[in-house]
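Numbering (full-length UniProt numbering), first residue to last: 1 to 596.
The beta-carbon is built from N, C-alpha and C at its ideal position, and this holds for glycine as well.
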C-alpha cells in the first residue's frame, strides 16, 4: 500500500513538473525575442547601402552586390536553421545560439563606427581611399553573424507551438499565439523602417547601429530569462534527411527491376498506411522503397534495417511532391528580384523632395513602409471586401485558386517594373534639365511621392504571390511537409537576390563596354536605371508566359480537383433530384389517364 502511494506521489510530482513547463507564460518572451530581433536586424538594411558608399567608399555596383548577397544569405539561413534545429541542436539551442550570434554581429558592426581604424579615413583630397581587405573582412563578418543568427531565431514560431502541444485544449491559445506573432512581426518591421531609420538619419551611425545592438542584447536576455520554463523538444530526423535517404537508396537500387503491378507487399510503407504502392510519376525514385529481402531489409519493429538503402513510400512521394512544384516555385523568383531593388530605390529617393509638409520629411530609407502597408491592406481588402462582394454579386461563394493568386502577383510585379522605369525616366530627364548631370547628390524639384505607386504595386504583387504560394504548397503537400512548405518562400527570396546580383553584374559588364557609361553607373543621373528597369519588366513579362506553361504542365491542383469533385457531386445530386421529380410527375399523369 505504501509503495502504491509512493508511486502515485512520484507520478503526481512528474505531472506537476510537466505542467510547470511551457504554457501561455512563455509566449510573451518568445514573441518579444523574435520581435526585438526583427527590429534590430531589419533596421540595419535600408540605409546600409549609404554606409557602404559613404563610409567605405564602395562603388554603387559593388555595394549593391554585397547587399544582394547579404539578403540572399539572410533568406537562405532559415532553411538551414530549421534543418540544424530539427536534426541536431533542438529549437531552444538554435534560437539561443542564433540570438547570441546576432548580438555579436550587431556589436561588431557597431564597433566599425566607433573605431576609426575599422573603416577608411575621411576624404581630405579629391581622391578618397577605399576600404582595405581587413576592414571589409570585419564588416562582412558582422553581416555573416547577423544572417546566421537570424536562421536560428527563425525557429521561434515552431518553438512557440512546442510550448502548447501538450494538451488539445491549447488549440485556441496556439491560434492566438500565431496571430500575435504575425502582428508583432509586422509592427517590428514598420518600426524598423521608420524609427531605426530616423535615428540613423538624425543621430548618425554610432547611435543608429548602437540601438539595434542594444535591442538585440535585450532580446537575447529576455529569451534566456525563463529558460527553465521552456518545453525543449529533442531533435529528430528532418525531412531534408529523408529526401537525401530517398536519393541515395534509389541510386543504390538502380539496377533492381520493378515488381509486377498486381503484386502486393513489395514496397515498404509505414504502419497503417493507405499507400501500398508508389505513383508512376518519377518512377526511378520508386526503387528506393522496393523490398529486396524482407528478413534482411525489415527490422522486427517493421522499420527499415538500413534507412539509406530502403525508404518508405511516404518518403518517396514527399520528394516527388517537392520536385513537381519546383517549376512553379521558380516563377516566383522574379517577384523576389522586384522586392530586392531597395538599394536603387533609396538612391532615387535621396535625389527627390521627400517633404510631406514644410517641416516633415520622410527618410529615404522609410519608403519601404509603403510596401508593408500595401501587403497588409491588399491581404485584408481581398479577404474581407473583394471576396465577400464577389460572392454576393454571384450569389454563391467565390474563391480564387492559389495558382491564380500567384499569377496575379506576377502581373503586379510586372507592372511594378514598368512604373519604376517610367518614374526613373522622368526623374533622370528632370535632373538633366536642371543641370545636375554631374551632381548625383543634388535634390531635384520632384516629389518623392512619385515612388509610392511602384511601392504599392510591389506590395500588392508580394501579397498575392506570398499568400498564393503558401496556400498552394500547404494544399499540395502532406501535413508532414508543413515545414518545407514554409521554407520554400524564404528559399525563393534567397535565390531571387542571387539572380538580382547576377543580372546587375551582367548589365554593368555589357553596357559599360567601350568606355560607355554603365546603365547602373555610380552617378544615378548619368546612368540609365530606367533602361535597367525596362529590362527587368521584359524579363518579368516573359516570366508570366513561363508561369502559364508551368501551370498548364502541372495540371489541376489538389484544391481545384476537390472543388471539381464537389461541383460534380452537387450536379449529380441535382440531376438525381430532378429525375425523381420527373418520375413522380409521370406517375401522377399515368394515374390520371388510367384511373382504377
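Please classify residue 517: is it buried, with 16 or more other beta-carbons within 10 angstroms of its beta-carbon, or exposed?
exposed
Report buried or exposed for residue 596, applying the criterion of at least 16 other Cβ atoms within 10 angstroms of its Cβ.
In this prediction, residue 596 scores a pLDDT of 42, lower than 50, which makes its location untrustworthy; the coordinate-derived value is nonetheless stated afterwards. Residue 596 is exposed by the Cβ-count criterion.
Return helix, strand or coil for residue 509, following the three-state DSSP convention.
helix
From 407, 550, 84 and 397, pick the residue whose C-alpha is nearest to that of residue 148; which is it?
84
May I ask whether a heavy atom of the ligand GDP can be found less than 7 Å away from the beta carbon of residue 366?
This structure simply doesn't include the ligand GDP, nor any ligand for that matter.
As an exercise, report each continuous alpha helix (DSSP H) stretch of at least 4 residues that is fully enclosed by the stretch 108-154, in chain order.
The stretch 108-154 contains these whole alpha helix (DSSP H) runs: 133-153.
Can you tell which of 93, 31 and 546 has the C-alpha that lies nearest to the C-alpha of residue 160?
The alpha carbon of residue 160 has as its nearest neighbour, out of 93, 31 and 546, the alpha carbon of 31.
Within the stretch 415-479, ranges of the alpha helix (DSSP H) (whole runs, at least 4 residues):
Along the length of the stretch 415-479, whole alpha helix (DSSP H) runs at least 4 residues long occupy 452-476, reported in chain order.
Kindly list the residues whose CB is nearer than 7 Å to the CB of residue 428, restricted to its own chain and excluding five residues on each side of it in sequence; keep chain order.
525 and 530
Residue 256 burial status per 10 Å Cβ neighbour count (16 or more: buried):
exposed
Since residue 108 and residue 50 are thought to touch, with beta carbons under 8 Å apart, how far apart are those beta carbons, to the nearest angstrom?
Incorrect: roughly 19 Å between the Cβ atoms, too far for contact.
Check whether the Cβ atoms of residue 425 and residue 540 lie closer than 8 Å to each other.
One thing to note: residue 425 has its Cβ no nearer than 8 Å to the Cβ of residue 540.
Going by the CB atoms, is the gap between residue 314 and residue 275 shorter than 8 Å?
yes
Can you name the residues that DSSP bridges to residue 267?
290
Taking just the CA atoms, how far does residue 151 sit from residue 90?
13 Å
In DSSP terms, what residue 528 is bridged to:
Checking the DSSP bridge columns, you'll see residue 528 has no partner listed.
Exposed or buried, residue 244, counting other C-beta atoms within 10 Å across all chains shown (16 or more means buried)?
exposed
Work out the CA separation of residue 74 and residue 198 for me, nearest whole Å.
23 Å
Is the distance from the Cβ of residue 537 to the Cβ of residue 344 below 8 Å?
Not in contact: residue 537 and residue 344 (Cβ atoms no closer than 8 Å).
In its own chain, which residues sit with a C-beta less than 7 Å from the C-beta of residue 92, not counting the 5 before and 5 after it?
Contacts found: 159, 230 and 232.
Residue 28 versus residue 437 - alpha carbon distance:
The straight-line gap separating the alpha-carbon atoms of residue 28 and residue 437 is approximately 53 Å.
Leaving out the 5 sequence neighbours to the left and right, which residues in its chain are closer than 6 Å to residue 354 when beta-carbon positions are compared?
361, 362 and 448
Looking at the structure shown, is residue 353 part of a helix, part of a strand, or coil, going by DSSP?
strand
With a threshold of 7 Å on Cβ separation, who are the neighbours of residue 546 within its own chain once the five nearest residues in sequence on each side are excluded?
331
Would you mind working out which of 289, 305, 288 and 290 sits nearest residue 296, comparing C-alpha positions?
Ranking 289, 305, 288 and 290 by Cα distance to residue 296 puts 305 first.
With distance defined between alpha-carbon atoms, name the residue in 209, 250, 544 and 269 nearest to residue 105.
209
Checking 8 Å against the spacing of the C-beta atoms, do residue 63 and residue 497 come in under that value?
Cβ distance not < 8 Å, so residue 63 and residue 497 don't count as in contact.
Assumed close pair residue 154, residue 212 - CB separation to whole angstroms, cut-off 8 Å:
At roughly 18 Å, the Cβ-Cβ gap does not stay under 8 Å, so residue 154 and residue 212 are not in contact.
Give the straight-line distance between the Cα atoms of residue 528 and residue 409, rounded to the nearest whole angstrom.
27 Å
Identity of the residue in 376, 348 and 220 nearest residue 440 by Cα:
348
Beta-carbon spacing of residue 268, residue 310 below 8 Å:
yes
Give me, in chain order, the residues of the same chain whose beta-carbon lies closer than 7 Å to that of residue 328; leave out the 5 immediate sequence neighbours on both sides.
550, 551 and 554
Among residues of its own chain, excluding the 5 on either side of residue 141, which ones have a beta-carbon nearer than 7 Å to its beta-carbon?
108
Using a Cβ-Cβ cutoff of less than 7 Å, which residues in the same chain neighbour residue 375 once the five nearest sequence positions on both sides are dropped?
If you ignore the 5 residues before and after residue 375, its C-beta comes within less than 7 Å of the C-beta of 459, 462 and 463, all in its own chain and listed in chain order.
Does DSSP put residue 648 in a helix, in a strand, or in coil?
No information on residue 648 is available, as it lies outside the stretch 1 to 596 that the chain covers here.
Out of 98, 403 and 196, which has the shortest C-alpha to C-alpha gap to residue 46?
196
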